[in-house]
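Chemist: Residue numbers (the numbering used here): 1 to 106.
1. Identify which residue in 36, 53, 105 has its Cα closest to the Cα of residue 80.
2. Starting from the N-terminal side, write out each stretch of the alpha helix (DSSP H) that is 4 residues or longer and does not extend beyond the stretch 42–99.
3. Who are the Cβ neighbours of residue 95 in its own chain at under 6 Å, not counting the five residues just before and after it?
4. Quick check: the Cα distance between residue 98 and residue 104, rounded to an integer number of angstroms?
5. Helix, strand or coil: how does DSSP classify residue 28 here?
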């Protein structure tokens with residue numbers, strides 16, 4: 001099984017034009033933080049887009065909801081705006097580096 005996977009990988013690399021030196025070049029350890037950062041950014045973006053698409057009171061996907069027109073659903077909108085993450089960080093300072101900011105401003 002391991003040999004079959006290796007043959008498949010090497011044939012895929014040959015088909016795409018990769019050579020071993022290219023793989024070493026693009027699989028550098030220095031690039032791992034970049035991959036993690038971009039992966040986290042894509043994950044946060046996907047989460048926010050999914051949240052807005054499926055849970056926003058203003059988005060109506062099925063035809064019955066669209067026929068209703070403009071709704072006065074203030075309670076549902078308030079629940080959407082005041083989500084769980086916002087409630088958790090509500091009492092905390094909005095400064096990223098609060099102690100450093102206090103020290104520098106004194």
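Don't be surprised by glycine CBs; every beta carbon is placed ideally from N, CA and C.
Modeler: The structure says:
1. Here residue 80 refers to the residue found at position 80 when the chain shown is read from its first residue. Answer by Cα proximity: 53.
2. 63–67, 74–81, 84–88
3. For the purposes of this step, residue 95 is identified with residue 95 of the chain shown, where counting begins at 1. These residues qualify, in order along the chain: 101.
4. In the chain shown, counting from the first residue as 1, residue 98 sits at position 98. In the chain shown, counting from the first residue as 1, residue 104 sits at position 104. Answer to the nearest angstrom: the Cα atoms are 10 Å apart.
5. The residue given as residue 28 occupies position 28 in the chain shown. If DSSP states are grouped into helix, strand and coil, residue 28 belongs with coil.
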